[in-house]
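**Student:** I have a structure here, written as structure tokens, and I will follow up with some questions on it.
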Amino acid sequence: MFKHFITLQWKSFFRAASLKSSIAIKILMGFAAVYMTAIFIGMGIGAYFVIEDMNIGDPFDVINKFIIYYLIVDLVFRYMLQKMPVTNIKPLLYLPFKKSQVVNFSLAKTIVSYFNWSHAFFFIPLSIVLLTKGYSATGIIGWHLALIAIIYCNNFINVLVNNKDSIFYPLVGLMAILGLFQYLQWFDITTYTAPFFNALYTLPWISIILWLLAFGLYYAAFNYFKKNLYLDAGLQTKQTIAKTEDLSWLNRFGNLGTFLKNDIKLIKRNKRSKMAVITSFFFIFYGFLFFTGTIEAYDGPIWRIFAGIFISGGFLFSFGQFVPSWDSSYYPLMMSQNIKYKEYLNSKWYLMVIATIISTIIASFYLYFGLDAYLAVLVGAIYNIGVNSYVVLLGGAYTRTPIDLTSAKKAFGDKQSFNLKTVMLTMPKLLLPLLIYGIGHYLISPTAGYIFVAMAGVLGFAFKGFVFKKIEKIYKKEKYKTLLAYKQVS
727 MFKHFITLQW KSFFRAASLK SSIAIKILMG FAAVYMTAIF IGMGIGAYFV IEDMNIGDPF
787 DVINKFIIYY LIVDLVFRYM LQKMPVTNIK PLLYLPFKKS QVVNFSLAKT IVSYFNWSHA
847 FFFIPLSIVL LTKGYSATGI IGWHLALIAI IYCNNFINVL VNNKDSIFYP LVGLMAILGL
907 FQYLQWFDIT TYTAPFFNAL YTLPWISIIL WLLAFGLYYA AFNYFKKNLY LDAGLQTKQT
967 IAKTEDLSWL NRFGNLGTFL KNDIKLIKRN KRSKMAVITS FFFIFYGFLF FTGTIEAYDG
1027 PIWRIFAGIF ISGGFLFSFG QFVPSWDSSY YPLMMSQNIK YKEYLNSKWY LMVIATIIST
1087 IIASFYLYFG LDAYLAVLVG AIYNIGVNSY VVLLGGAYTR TPIDLTSAKK AFGDKQSFNL
1147 KTVMLTMPKL LLPLLIYGIG HYLISPTAGY IFVAMAGVLG FAFKGFVFKK IEKIYKKEKY
1207 KTLLAYKQVS
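In terms of this note's numbering, the sequence shown is residues 727 to 1216.
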């Protein structure tokens, strides 16, 4: 039966109208998978020796101390990126398939997911290194099998809590606080978790319990999906209490205020837009990798501008790059009204500018690392407002990715958003400011580098009217392609 399901999905893939784009995405994802696999192998082989050279204790004990964070990060990335076991049940409703067969196939797809078997490229080399260093073979095998069981527990936990933000976000927040407390040496959670992971080595039979737990979670996920495997379950409307918001103060801005009210309501009421805002907030803390000297490769002066662009431009990158896709569900209706593209794009631009200014103000704590650090953030904000804000709006004309506002998944990687034009537009967003700063820094002085980047942003702001006319023409030219793309269902 599984073979039959696989055959159906194989035919569905090759008969799709977007076959060429799908193949291109698969090839790109394949390269990314190879890259990540190489990183995992390198980590697995080198982790023991790096820790040994650092002389901070027995390498195996150190690994067991911090493995909890490895598993937490795995769960977080699964929730944000892993596709759920979705099987299109409509064509199967009139066919002689048992519900249990459909559910088992859907869950089996998650079991063979890259998010599961990729960890083998880390744990197998690491286990081999540990065996060559004289650790007990029985203990290492038990430890290895136990961690693989925990990886699969993460898989089924992710399936069960999918789209249940009330469970996931408090858990992530708690883990982030515990990590911060450990960094500040206020409270060390690993003091309590390390003995458990050490016990997986000294008591290998514990792996049996963890595998039983994994099977139990599989059974729970199976029952959950089997119970909800009805077309009506997906069509049932949830009853919620309606809430009104007084945004009348925006009326003074005319049509611009109307668009801003619509965007604010969209952000507050939908999962996907909320995820974009949350993501942009975490961008603010990206600078810790650059300004604390945590990663030696980021110590170069040019990387400070890179950090400044990301810190101040989190909302611009996470929300702005999907304009006008945020309005894809009602975009055809908007285009049938007497709406000027200039006013529509202007409202999106102001929203990104306001968010950039707020992010820059919040990031003022980087003054703790010196004036030079916060200067990079300020300069990055000016460049984001004067240049990158236009670039993301321009990229939106070619992205044409319909967005399901009720889902926080598929934030990246949609095949309709993958084309040469959108890839080329990433260059002025990230590479151009580094080049401009590098010219000023190395030919004149570091201050000149900052001035050059800031001047690029100021010039962009000065020519806003001219740039908007060009962007408006492109949106009008791509209008019908965009409308067609929003009607298509993957």
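Beta carbons are placed, not taken as given, at the ideal position from N, Cα and C, and that holds for glycine.
(1) Kindly indicate which residue of Met1181, Tyr1070 and Tyr1163 has the alpha-carbon position closest to the one of isoleucine 1108.
(2) Quick check on this structure: which residue in Leu910, Ala947 and Thr1173 has the alpha carbon closest to the alpha carbon of serine 826?
(3) So, using beta-carbon positions, are lysine 1068 and aspartate 989 closer together than 9 Å?
(4) Is the CB-CB distance between glycine 933 and leucine 926 below 9 Å?
(5) Can you list, in chain order, the residues of its chain whose CB lies under 6 Å from that of glutamine 1142, leaving out five sequence neighbours each side?
(6) Roughly how many angstroms lie between the CA atoms of lysine 987 and leucine 1077, to the nearest whole one?
(7) Going by C-alpha to C-alpha distance, which of Lys835, Tyr774 and Gly1122 sits closest to lysine 1205?
(8) Please go through the same chain and pick out, in chain order, the residues whose beta-carbon is closer than 6 Å to the beta-carbon of phenylalanine 1138, but skip the five residues on each side of it.
(9) Which same chain residues, not among the five before or five after proline 785, have their C-beta less than 7 Å away from its C-beta?
(10) Does the beta-carbon distance from phenylalanine 951 to serine 832 come in below 9 Å?
(11) Alpha carbon to alpha carbon, what distance is there between lysine 991 and asparagine 1203?
(12) If we ignore side chains and look at the alpha-carbon of each, how far apart do lysine 1147 and phenylalanine 757 end up?
(13) Please state the DSSP three-state secondary structure of lysine 1066.
(14) In terms of residues, what are the limits of the alpha helix (DSSP H) holding threonine 919?
(15) Leaving aside the five residues before and after glutamine 908 along the sequence, list all residues of the same chain whose C-beta is less than 8 Å from its C-beta, in chain order.
(16) What's the call for leucine 961, buried or exposed, on a 16-neighbour Cβ count within 10 Å?
(17) Consider the Cβ of glycine 1096: report whether some Cβ of chain B lies at a distance smaller than 9 Å.
(18) From which residue to which residue does the alpha helix (DSSP H) around glutamate 1204 run?
(19) At the level of alpha carbons, what is the spacing between asparagine 881 and leucine 871?
(20) Do phenylalanine 1043 and phenylalanine 1017 have their CB atoms nearer than 9 Å?
(21) Let me know the secondary structure DSSP gives tyrosine 774 once reduced to three states.
(22) Counting C-beta neighbours from all protein chains within 10 Å, is the total for valine 1117 16 or more, i.e. buried, or is it exposed?
(23) When we look at the beta-carbon of glycine 1096 and count the other beta-carbons within 10 Å, is it buried (16 or more) or exposed?
(24) Can you grab the Cα-Cα spacing for the pair tyrosine 1176 / phenylalanine 1041, in whole Å?
(25) Helix, strand or coil for isoleucine 1177, going by three-state DSSP, please let me know.
(26) Aspartate 800 lies in the alpha helix (DSSP H); which residues open and close that run?
(27) Quick one: complete alpha helix (DSSP H) runs, 4+ long, within the region 827-910?
**Tutor:** Here's the rundown:
(1) Met1181
(2) Ala947
(3) no
(4) According to the sequence displayed, residue 933 carries serine and not glycine. Against a cut-off of 9 Å, the Cβ pair of leucine 926 and serine 933 comes out as a contact.
(5) In this prediction, glutamine 1142 has a pLDDT of 40, which is less than 50 and means its spatial position is unreliable; what the coordinates show is noted afterwards. The answer, listed in chain order, is Arg1126, Thr1127 and Ala1211.
(6) 10 Å
(7) Gly1122
(8) The pLDDT assigned to phenylalanine 1138 is 38, lower than 50, so where the model puts this residue is not dependable, and the model offers no usable value.
(9) Tyr774, Ile777 and Glu778
(10) yes
(11) Here residue 1203 turns out to be lysine, not asparagine, going by the sequence shown. Each residue's Cα considered, the two are about 29 Å apart.
(12) Reliability fails at lysine 1147, whose pLDDT of 46 lies under 50, so the model's placement of it is uncertain and the value that follows must be treated cautiously. Taking the straight line from one Cα to the other gives about 20 Å.
(13) coil
(14) 916-928
(15) Asp914, Ile915 and Thr916
(16) Annotation note: pLDDT 44 at leucine 961 (below 50); position unreliable, coordinate value reported separately. The residue in question, leucine 961, is exposed, as its Cβ has fewer than 16 Cβ neighbours within 10 Å.
(17) The question asks about chain B, but that chain is absent: this structure has only one protein chain.
(18) No alpha helix (DSSP H) holds glutamate 1204; DSSP gives it neither H nor E.
(19) 15 Å
(20) no
(21) helix
(22) buried
(23) exposed
(24) 22 Å
(25) helix
(26) 785-807
(27) 840-843, 846-858, 863-887 and 891-909
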